[in-house]
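Counted the way this note's numbering counts, the sequence shown spans residues 3 to 117.
The beta carbon of each residue, even a glycine, is placed where N, CA and C say it ideally should be.
Taking it in order: structure first as structure tokens, then the write-up.
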Amino acid sequence: MAQKIVTIYTDDLTGEESAEAATHTLAVDGIAYEVDLTPDSYDKLLEAIGPFLKAGRRTGRIKAGAAPRKTGAAASAGSGETAKIRAWAKENGYEVNERGRVSADIREAYQNANK
């Protein structure tokens, strides 16, 4: 049996089918996004974010699946939250170390309890 697989490239912004559509990656607040765009749509994207790119600082590339880096106030806020999670976990019978990473299970239980 023969099979024929057809790949159709579509511009995510316009919905237009195009062989010229390409995947582009961008990140905002440490979250990476992929968008498939034709050259015209990509030009529109660059025109829209261009002033921000010129005013900003390049920090390097974001690797796929990498956790966002936290600096300054964001990093401090994260450590304060970890202390609250540890205290909550101890009060609720979870075993948690005084230092190091708090497990994802405990973090999830904390978030569910504090919705």
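8 Å Cβ cutoff met for A23 and T12: yes
Suppose you measure from the CA of R101 to the CA of N114; what does that come to, to the nearest Å? 23 Å
Short of 7 Å in beta carbon distance, which residues of its chain neighbour V37, apart from the five on each side in sequence? Order them along the chain. D14, H26
Just how far apart, CA to CA, sit K56 and V104? 38 Å
Could you tell me the alpha carbon to alpha carbon distance between G17 and L47, rounded to whole angstroms? 15 Å
CB-CB under 7 Å to K92, same chain, minus the five flanking residues each way: which ones, in chain order? V98
Leaving aside the five residues before and after N94 along the sequence, list all residues of the same chain whose C-beta is less than 8 Å from its C-beta, in chain order. A111, A115
Ordered along the chain, which non-local residues of its own chain (more than five positions away) have a Cβ less than 8 Å from that of T84? V104
Using the Cα positions of A75 and P41, report the straight-line distance between them to the nearest angstrom. Confidence at A75 is low in this model, with a pLDDT of 40, below 50, so its placement is unreliable and the value that follows should be read with caution. The alpha-carbon atoms of A75 and P41 are separated by roughly 38 Å.
Same chain, Cβ closer than 7 Å to I108, five either side skipped, listed in chain order: I87, A91, Y96, V98
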